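Heads up: the sequence lines are chains A and B, in that order. Read in order, the letters of the first sequence correspond to residues 1 to 120 in the numbering used here. Read in order, the letters of the second sequence correspond to residues 121 to 240 in the numbering used here. Below is one structure, written out as structure tokens; the observations come after it.
Protein chains: 2
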Amino acid sequence: MEWKLDKDRPICPQLMELIVTGIAGGEYAAGEKLLSVREVALQAGVNPNTVQKAFSEMERDGMIFSRAGSGWFVAEDTGKAVERVETLARTRTEEYVSGMRALRKEDADILRMVEEVCHE
Amino acid sequence: MEWKLDKDRPICPQLMELIVTGIAGGEYAAGEKLLSVREVALQAGVNPNTVQKAFSEMERDGMIFSRAGSGWFVAEDTGKAVERVETLARTRTEEYVSGMRALRKEDADILRMVEEVCHE
DNA sequence: ATTACTGTAATAGTACAATAATACAGTTAG
DNA sequence: CTAACTGTATTATTGTACTATTACAGTAAT
Numbered sequence: 001m002e003w004k005l006d007k008d009r010p011i012c013p014q015l016m017e018l019i020v021t022g023i024a025g026g027e028y029a030a031g032e033k034l035l036s037v038r039e040v041a042l043q044a045g046v047n048p049n050t051v052q053k054a055f056s057e058m059e060r061d062g063m064i065f066s067r068a069g070s071g072w073f074v075a076e077d078t079g080k081a082v083e084r085v086e087t088l089a090r091t092r093t094e095e096y097v098s099g100m101r102a103l104r105k106e107d108a109d110i111l112r113m114v115e116e117v118c119h120e
Numbered sequence: 121m122e123w124k125l126d127k128d129r130p131i132c133p134q135l136m137e138l139i140v141t142g143i144a145g146g147e148y149a150a151g152e153k154l155l156s157v158r159e160v161a162l163q164a165g166v167n168p169n170t171v172q173k174a175f176s177e178m179e180r181d182g183m184i185f186s187r188a189g190s191g192w193f194v195a196e197d198t199g200k201a202v203e204r205v206e207t208l209a210r211t212r213t214e215e216y217v218s219g220m221r222a223l224r225k226e227d228a229d230i231l232r233m234v235e236e237v238c239h240e
């Protein structure tokens, strides 16, 4: 895992996104053990509390679970993670389009710009 | 002006974007007087200090200017505003695409999703 | 059992954006 | 001139995200 974080945005949701994408993408298998809170904090260069918070929120959503003293593990059902990634993609696209429209961009211009950026 | 603000994001840049888009879109003509700091704060439901900060930052970029005691006015050259809107659109598109790629989306999927959201 | 890991919790401190409340000075219309 | 508007500046307070540090208890390997 790369832990490529943007320092200018909240770290907690970024961590969550990296992990959920890893699960949905199959890099983390169901039931697999994750890195420890302290290890992630070390590798990502952030505070353990922030990692703990990210893990706890993902646990609340049923995507991972913890065994106290033992570690964090990927949930048996990875469906939640796949679903979450899809929702994220959809939400982000909607926000992007509405943001571009606020800039007075026509749909055709939006599509053209996305295409252009993709092909670079 | 609508002052449609998202309370979950920093207000200052949102105000700047609304104004710069208004200038670039021609709703505010070159040299035209803008609403006062206090009036914008009232209409938008935010603190005057935040409006003052937004105006000052736009002044630093040469898009508007102030005459102390008189008010704020659109700069004679609106090119800066047009340019800024283009940069915003471009940057936002790049961030969107790279964000979607982080979710393991192929270019074709990205384009398909944008198209779908546009046609709704 | 000891050791070294794990999760978990609590507290304090930092940084930032925004708010709140004033105050002061320049401009302009009456 | 005066009154009512302007921009501008200052100080204090709130809320939030993150950091820093420490502590405690569960787990597992030796």
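Beta carbons: idealized from backbone N, C-alpha and C, even for Gly. Just so you know, these numbers come straight off a predicted model, no measurement behind them.
Using the Cβ count rule (16 or more neighbours within 10 Å means buried), how would you classify residue i?
{"i": "A:Arg9", "result": "exposed"}
For residue i versus residue j, is the C-beta distance shorter than 9 angstroms?
{"i": "B:Gly165", "j": "B:Leu138", "result": "no"}
{"i": "B:Met121", "j": "B:Leu155", "result": "yes"}
{"i": "B:Arg224", "j": "A:Thr91", "result": "no"}
{"i": "A:Ala30", "j": "A:Glu76", "result": "yes"}
{"i": "B:Val97", "j": "A:Val117", "result": "Look at the range of chain B in this structure, 121 to 240, and you will see that residue 97 of chain B is not part of it."}
{"i": "A:Val51", "j": "A:Met63", "result": "no"}
Quick check: the Cα distance between residue i and residue j, rounded to an integer number of angstroms?
{"i": "B:Arg221", "j": "B:Glu147", "result": "36 angstroms"}
{"i": "A:Arg112", "j": "B:Ala201", "result": "22 angstroms"}
{"i": "A:Ser66", "j": "B:Asn169", "result": "46 angstroms"}
{"i": "B:Asn167", "j": "B:Met136", "result": "14 angstroms"}
{"i": "A:Glu120", "j": "A:Thr93", "result": "20 angstroms"}
{"i": "A:Lys53", "j": "B:Pro133", "result": "28 angstroms"}
{"i": "B:Phe175", "j": "A:Glu95", "result": "26 angstroms"}
{"i": "B:Glu152", "j": "A:Arg60", "result": "53 angstroms"}
{"i": "B:Gly199", "j": "A:Gly79", "result": "50 angstroms"}
{"i": "A:Lys7", "j": "B:Gly219", "result": "15 angstroms"}
{"i": "A:Ile11", "j": "B:Ile131", "result": "20 angstroms"}
{"i": "B:Trp123", "j": "A:Trp3", "result": "37 angstroms"}
{"i": "B:Glu203", "j": "A:Glu83", "result": "39 angstroms"}
Just grab the DSSP bridge partners of residue i for me.
{"i": "B:Gly191", "result": "B:Arg187"}
{"i": "B:Lys153", "result": "B:Phe193"}
(message) Across the segment 65–75 of chain A and the segment 104–113 of chain A, are there enough close Cβ pairs to call them in contact, namely three or more that are closer than 8 angstroms?
(response) Three or more Cβ pairs closer than 8 angstroms define a contact, and the segment 65–75 of chain A falls short of that threshold against the segment 104–113 of chain A.
(message) Does the structure place the segment 160–175 of chain B close enough to the segment 201–209 of chain B that three or more beta carbon pairs sit under 8 angstroms?
(response) These segments do not touch.
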